[in-house]
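Below: one structure, written as structure tokens.
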Amino acid sequence: MPSMTTSKVSRWDQHGREHTVQVSKSGVQRVLVCGTCGWRRSAQFLPWLKAEEHLAEEHQATVDPSDS
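Counting in our numbering, the sequence shown runs from 68 upward without gaps.
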């Protein structure tokens, strides 16, 4: 039985609000869940890129907190 690991992708919008997508991994499959709107998606390849795209398109959250 594969172990489950979780990471997150966070971005801020122009109003200073943080939006986060949790990326859970079990085996080769990853599940993305947005903490703001509840959006869910399965992804096998490039899950962090898909999370960044969702945050930018749906929440206009493009500021990376780790860049400051």
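All C-beta atoms in this analysis are idealised placements derived from N, C-alpha and C, irrespective of residue type, glycine included. Quantities reported herein were computed from a predicted structural model and do not represent experimental measurements.
- One Cα belongs to Met71, the other to Pro132, and the distance between them is close to 25 Å.
- For a cut-off of 8 Å, the C-beta gap from Gln89 to Gly105 is around 11 Å, too long to register as a contact.
- In the DSSP assignment, His126 falls within the unbroken alpha helix (DSSP H) covering Pro114 to His126.
- The criterion of a C-beta distance shorter than 8 Å is satisfied by Leu122 and Arg78.
- Minimum Cα-Cα distance from Ala128 among the listed residues Thr73, Gly83 and Leu113 corresponds to Gly83.
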